[in-house]
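Colleague: Protein chains in written order, with our numbering: chain A, 269 to 356; chain B, 6 to 428; chain C, 99 to 1074.
Yeah, the Cβ is synthetic: ideal placement off N, Cα and C, and Gly gets one too.
On a predicted model such as this, the values are computed, not experimentally measured, just so you know.
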Amino acid sequence: MLLIPCPHCGVRPETEFVYGGDATVRRPDPKTASLDAWAAYIYERDNPKGPHTELWLHASGCHSWLVVERDTVTHAIGQVRQARDAAS
Amino acid sequence: MSAFRDRYSFPALVRHAISGHKRWKPAIRHPEPKPRYDAIVVGGGGHGLATAYYLAKLHGLTNVAVLERGWIGGGNTGRNTTIVRSNYLLEPNAHFYEHSLKLWEGLSADLNFNVMFSQRSVINTCHTPGEMEATMRRYNALRLYGIDAEFLDRAALARRVPDMNLGRDARWPILGALSQPRGGVARHDAVAWGFARGADNRGVDIIQNCEVTGFQRGADGRVTGVLTTRGPIASDKVGVAVAGHSGHVMGLAGMRLPIESHLLQAFVSEPVKPFLDVVVSTGALHFYISQTDKGEVLLGGGLDGYNSYGQRGTMPNIHEVTAAAIEMFPNISRLKWMRQWAGVMDMTMDGSPIIGKTPIPGLFFDGGWCYGGFKATPASGWCFAHTIATGEPHPLNAAFTLDRFGRSAVIDEKGAGPYPKAH
Amino acid sequence: MTRNRTAEGGWLIDRASTGSFTFDGRRVPFLAGDTVASALLAAGDPLVGRSFKLHRPRGLFAPGAQEPNALVVLNDGGRLTPNARATTIPATPGLQVRSQNRWPSLRHDAFGLLDLARAVLPAGFYYKTFMWPASQWLRYERLIRKLAGLGPPPRMADPDIYARRHGHTDVLVAGGGPAGLAAALAAGRAGMDVVLAHSGPAFGGGLHDRGDGPHRAWLAETLQALAALPNVRLLANTTVAGYYDNQTLTLAERPCDAAPVGDGKPVERFWQIHAERVVIATGAHERPLLFADNDRPGVMLASAARRYLWRYGVLAGRTPVIFGSDDTIYELAADLTAAGATVRAIVDLRPDPGAAARRAEAAGLPTFAGAMVARAHGKRRVTAAEIWRLGPRPHLVETMQADAILTAGGFGPTLQLHAQARGALLWDPDFRAFLPGPPVADNRSAGGARGVFDLQAAIRDGDEAGANAPLPLRPPPPAADAPAPWDLPNLTGGPRFVDLQNDVADKDIALAAREGYHSIEHVKRYTTLGMGTDQGKLAGPIGLALLAAATGKDIAATGVTTFRPPATPVTFGAVAGGDFGEVGHAIRRTAADAWHEQAGATFIDAGLWRRPQFYPANGKTVGEAYRAEALAVRAGVGMVDVSTLGKIDVSGPDAATLLDRLYCNTLSTLKPGRGRYGLMLREDGRVFDDGVVFRLAADRFHVTCTTGGASAVYQHMEHALQVIWPELDAYATPVSEEWFAVALAGPKARTLLKAIAPDLDVSNAALPMMRLVETRLFGGRARIMRMSYSGELSYEINIGANRGAALWQGLVAAGRPHGLVVYGTEAMGALRIEKGHVTHAEADGRTTPADLGLAGMVSARKDAIGVPAQAFPALQEADRKQLVGLIAEAADARIPVGAQVTAEDLGDQPRPSLGHVTSYAYSAERGRMIALALVRAGRGRIGEAAFVVSPVMGESAAVRIVDPVFIDPEGERLRG
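(1) Would you be able to state if there are at least three C-beta pairs under 8 Å between the segment 380 to 391 of chain C and the segment 573 to 586 of chain C?
(2) Please report how far the alpha carbon of R74 of chain B lies from the alpha carbon of V602 of chain C, in whole angstroms.
(3) Counting only beta-carbon atoms, is E284 of chain A nearer than 8 Å to chain B?
(4) Suppose you measure from the CA of G1124 of chain C to the CA of R196 of chain C; what does that come to, to the nearest Å?
(5) Counting only beta-carbon separations shorter than 8 Å, does C274 of chain A have a partner in chain C?
(6) Please go through the segment 108 to 147 of chain C and give each complete beta strand (DSSP E) segment of 3 or more residues, from N-terminal end onward.
(7) Which whole-angstrom value describes the C-beta separation of N119 of chain B and M229 of chain C, a residue pair presumed to lie in contact below a C-beta threshold of 8 Å?
(8) With a cut-off of 8 Å, does the C-beta of H261 of chain B fall near any C-beta of chain A?
(9) When you compare the CB positions of V217 of chain B and V254 of chain B, do they come within less than 8 Å of one another, or not?
(10) From what residue to what residue does the alpha helix (DSSP H) around E96 of chain B run?
(11) Hey, could you find the ends of the alpha helix (DSSP H) F405 of chain B is sitting in?
(12) Determine the contact status of L413 of chain C and N102 of chain C, defining contact as a CB-CB distance below 8 Å.
(13) Out of C:R314, C:G1038 and C:F1045, point me to the one whose CA is closest to D1061 of chain C's CA.
(14) Please list the segments of the beta strand (DSSP E) lying wholly inside the segment 967 to 991 of chain C, counting only runs of 3 or more residues, in order along the chain.
(15) Tell me, to the nearest whole angstrom, how far the beta carbon of D307 of chain C is from that of R183 of chain C; I am working on the premise that it is less than 8 Å.
(16) Pick out whichever of C:V293, C:V471, C:L321 and C:R314 has its Cα sitting closest to the Cα of T337 of chain C.
(17) Taking 8 Å as the threshold, find out whether the segment 302 to 311 of chain B comes into contact with the segment 145 to 159 of chain B through three or more Cβ pairs.
(18) How far does the alpha helix (DSSP H) with T435 of chain C in it extend, from its first residue to its last?
(19) Check whether chain B comes within 8 Å of A356 of chain C, counting only Cβ atoms and requiring the distance to be less than that.
(20) For A357 of chain C and G131 of chain C, what's the separation of their Cα atoms in angstroms?
(21) So for P924 of chain C, helix, strand or coil by DSSP?
(22) If you reduce the DSSP assignment to three classes, tell me which class C803 of chain C lands in.
(23) Is the distance from the Cβ of S105 of chain B to the Cβ of A384 of chain B below 8 Å?
(24) Which residues mark the beginning and the end of the alpha helix (DSSP H) in which A608 of chain C is found?
(25) Write down the C-beta distance between V377 of chain C and R548 of chain C rounded to the nearest angstrom, noting that I regard them as a contact closer than 8 Å.
(26) Does M99 of chain C come out as helix, strand or coil in the three-state DSSP assignment?
(27) Does the segment 158 to 175 of chain B come into contact with the segment 315 to 328 of chain B, if we say contact requires no fewer than three beta-carbon pairs (one atom in each stretch) closer than 8 Å?
(28) Please name the residue in C:A904, C:A899, C:V1047 and C:G671 whose C-alpha comes closest to that of P364 of chain C.
(29) Below 8 Å between beta carbons: does that hold for A280 of chain C and G564 of chain C?
(30) Which residues in the same chain as M867 of chain C place their Cβ atom closer than 8 Å to its Cβ, once the five residues preceding and following it in sequence are excluded?
(31) What's the gap between the Cα of A394 of chain B and the Cα of V247 of chain B?
(32) Whole angstroms are fine: how far does the CA of G65 of chain B sit from the CA of W177 of chain B?
(33) Given that V341 of chain A touches chain B, what residues does it touch there, using C-beta distances under 7 Å?
(34) Of all the residues that make up the segment 326 to 355 of chain C, which are near chain A by a beta-carbon distance shorter than 9 Å?
(35) Rounded to the nearest angstrom, what separates Y624 of chain C and L984 of chain C at their Cα positions?
(36) Leaving out the 5 sequence neighbours to the left and right, which residues in its chain are closer than 7 Å to T120 of chain C when beta-carbon positions are compared?
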């Protein structure tokens, strides 16, 4: 069971969240990006074995998209930030 | 002359019984790696072993090594719910999996190893008119492709699956079902061992406890071999078939893939006498169920839904799957859950596999099997062997190229889009 | 009939209180506190079961849940419980107990013949045969399946209820033996919240498996002290099943396997507990010893014999032989003798056993040093033990008559929970066992689970674990001055079983190794070693050692198999905890649901929602009803409950910018009070969802989306706002539940609207297409939006959900004079198909705007999700499936369910599919069936003939490919 410390709501079980995948991909600039850059953004992932920076939506809570550091082998959860804050 | 050191049969069992079974020859050897092979297959799961088998049998390549990090068949080959079917909607998938199903039908005889392929029907129950439309559409497509499919109304279902809850008061009552009669299950470990024995007996070196830690490349960028925990091994052709860990291994070659690794779980009960002799799969309740030859009730459900390489069961999933299973089979409530396990799935961005060349000459890739890996085992090996041996894909795997994503030429069976957890 | 009951003693029984249950129809007396196993043993017949593969007769063997042989069936009907461990089932009056996996009876099992054929049934024999003829495998398999399995499957629904509980605790102690009790007390006294889970009914565990002494006073005091601590929760009959990531554990609390009937209480409770710290005090398991026919009824672990004696006052045998390699065998011999048994022999593997042996000999007990039991005699029960002297020239010393052989092969810690929590297992050659390595999660093993077998030391260890003291060093190993259990020679021939339940013998392991199966995981799977209901607790260590010997590796290098939850099997019912049916998935109902119900609506599931599919008042069958309903809309006025559509309020200074980026068409140019159809794409360029967007104010929009897409669209919006463009100052709020929504449609819709809103100007000039007005209706705030899904003059009225029923009923009443017909989803679908509107049947996640004929909606003048992807080559291909209409050639033709589209009607012959039907309905206006379809390069085929086919159902119909808009292509009706 993953337990995710939501900055607003406190520690909550994974069943309250919706997973959003790799948080490190960045939407290309539509003015300059090549089609290859779009394909990479849409389809390619690092998929690391170990530390992973990923998005979770607290769907049954405050509706915040969170950026969560989580280990994909041990499932240990590290830093959790709001996606809005992480972007700035 | 037999291609096998020991031919397996009932008379052979009787003969060996007389000598107390002390004269059986090894099914597989445990050789030391040679410095160079004509081809190397990375990954000693069902797919890698099948690839080596068909390289040896069909393409005459016997100076081949299969490199396995742990023990053969220890990844997803040994962690699935053993379902074999070819009831896919989209043409590339349907033809590929039908080829696989046909190979399955002759596999025990071909391998002289009983893989217990049991064509006991795979049944998809439909719970809403929309689900009925979509499922019927898929099965109608199968018939146009020349693949078997049939409809079961509620009365037929009641006869075929007597313990199924066909009550109208169910949360999602069953309206009917579609069935692929030629679908079924097989003994998963036997598939790995059967292919391993077949390959080994033809001269392939299966090297266990040998982890690939890097790729060697020539000045022109071509692959020239691999680095392993047991030293470097040279070869001009390297095929990688390590589904679940594709991202990690191909990452050693500097490649990013359209793949995420996700957990898929399964559970079994303690064995009981037979009451369920088909495989039942349901959309609305999102689980599948069968009963093994040992008598265990085998349950599986959806993905855990987040990237993971942790090969162990988790809690929320078993709760949902079990609840759904009891809803549909109220008689299993008092059976005891005995074992839970998880496999790491290569989930691609379109839910379909990848078998083909890579941008690196000499390096071939087979992975992205999502849920379909086990049933694909023979055809995956068959197509991958063809691709490695000839350098070009076979028409059956021509659609499953890695570069399809660059063109957005996806094969999206579910229409779920580039969200691996949704496939 | 209780020949093995002692004259006195038994910590857990009450000799004053008696009862009886039946075993295979035979009455078995018991004393209160007995288990089914202890009562059966007391009754004197050791035969309780048959093995899985060879159907060999078997008796009680191990203490507790790991019992491999005494698996029985309880009850019948819905409460039928197979594979119940007789060792853990309390004996209760009238309980029906049956033996299993035998036919026709336990004593005379016809399948016992398999044992005679075992020479041709070695490990993995089925991989080598049943291959000829290949077509017959299913037949062979049917027979194999009948022979396999243990107990009978229940065939009826379980009438009992199960509960789920969630909890949090500072310390979870698994195991209520001496170490666990001490740990709970230490942690409780330190002020921690403690949960102590004990698998049995009596806290104390192994303390009850020995005679009187100071430990009994300690137990009483400790239990009293624990009971006085309000922060300690004691859970008896509770096993810790799973130890998952992030300190989540599951506990199965089962008051009783034999469910009490009808008192409304759950028969089992499944706990999910988050524990800051876990103390694993689950004790140790005794290892079996290897000798020929070591599976005969009467062969029993010494730990089980001790348990039967001290807990229940039952002798494992009246004339036992005791065999082992440490001093405990002499204690056991003395205890049994004192209780009335005649110990025939004590057989000690050690050549020089020391003082205990001399004392026993002095007391007149026959002892054999440097000897072993090499073979058990007897079939359905032990009749004798062959005692052989070990040494350079082993030889038979005596064949001793005996009715039981009790074996003491040494203990190994239980490692399940430690291993589940990813802790390593370290082979310790001195212990001849795996010990828990350093824990990875927040836990610590204590007592026997860590190799601390001495009672006082275990209590100390538990106390330290409870107080969270640093983990001490490795405990002192027991003396190992005898051959290891797996090194005993097979002196007589005959099968020596390692895994009793699955009939795996030592030579099976040797065979697997010989054939190249060298990994322990391969051996497990090839031989089924450790795959039984005890999941290798008994057989694991010996099997491993035998494999190591066979492959010439050491045990540490051979490794162990993975330990997986559950540590002890748990019923599916408990795991599900009743969360199925409407409890698991509540039905969502709209505010007018009660009216629909009363009107006799036939409902259809739309995700969790239920919606009226049709109203039987309008026609007997779904087909008749929807045709009548749709016709009434086209001719007069109809209304439909559309509350389930998703609604999102988007506000803020950048709301318009956000919507422009979310939809492929432009919405920022909307004026307040006006609406526009919007098309939303995924980033990969495929259509995601659609709906109508109304601008309420400069900085506020009312967005609608599909019923099925509601939550995904909202999540997508938040993703855009919080992740992609956090700089945008806008807010999205899901408001689906706040509004009740109804659509009025038909030429008389305006008349009806006028009737309920007499003061509102609803003229075409004041309220034209895609215009919104706010007003009050039926005491609630309402929004009226002129829009059309049906193609008719149509309005959608939204009102606060609490006024929904009032609005609905008000409309019904107001509509009566105008011939208002209420319609369901089926008619709604028929109307939109006639109009060529798409739903998720067409926008199936694979289609692009261009595929659906909506390419014109994609604005190239702005950035929006999914617009750049339109440039991908695959989206330009000429033979993509495109939306077209199909119309039946014959007026009475039917469109089959799930039809494919083909060029020719060739029955069941394989042929290319041109595409598929996505939706279909009867069109009253066209007087025949019509359909929407996705057809390869379909727009170029308009006018061509084709067939809709269902080879599965053997149905087909001739159709013509047409434009997907079947009525009023100019849209005059809806603007009228």
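Modeller: In short:
(1) yes
(2) 28 Å
(3) no
(4) Given a span of 99 to 1074 for chain C in the structure shown, any question on residue 1124 of chain C remains unanswerable.
(5) no
(6) 112 to 121 and 124 to 130
(7) 5 Å
(8) Looking at the sequence itself, residue 261 of chain B is Arg, so the reference to His does not match. With 8 Å as the cut-off, R261 of chain B counts as an interface residue toward chain A.
(9) yes
(10) E96 to E110
(11) Where F405 of chain B is concerned, there is no enclosing alpha helix (DSSP H), given that its DSSP letter is neither H nor E.
(12) yes
(13) C:G1038
(14) 979 to 986
(15) Contact doesn't hold; Cβ gap of about 17 Å is too wide.
(16) C:V293
(17) no
(18) T426 to A436
(19) Below a pLDDT of 50, predicted positions are generally treated as unreliable, and A356 of chain C, at 48, falls in that range; the measurement from the model is reported next regardless. Judged by the 8 Å Cβ criterion, A356 of chain C is not in contact with chain B.
(20) In this prediction, A357 of chain C scores a pLDDT of 49, lower than 50, which makes its location untrustworthy; no coordinate-derived value is stated.
(21) According to the sequence as given, residue 924 of chain C is Glu; it is not Pro. E924 of chain C falls in the helix class under three-state DSSP.
(22) strand
(23) yes
(24) D604 to R612
(25) Incorrect: roughly 10 Å between the Cβ atoms, too far for contact.
(26) In this predicted model, M99 of chain C has a pLDDT of only 47, less than 50, meaning its place in the structure is not dependable; the value taken from the coordinates is given anyway. In this structure, M99 of chain C counts as coil in the three-state DSSP scheme.
(27) no
(28) C:G671
(29) yes
(30) R884, M885, S886, L1072 and R1073
(31) 19 Å
(32) 54 Å
(33) Y314 and G315
(34) Y342, D343, N344, Q345 and T346
(35) 57 Å
(36) V126, Q194 and V195
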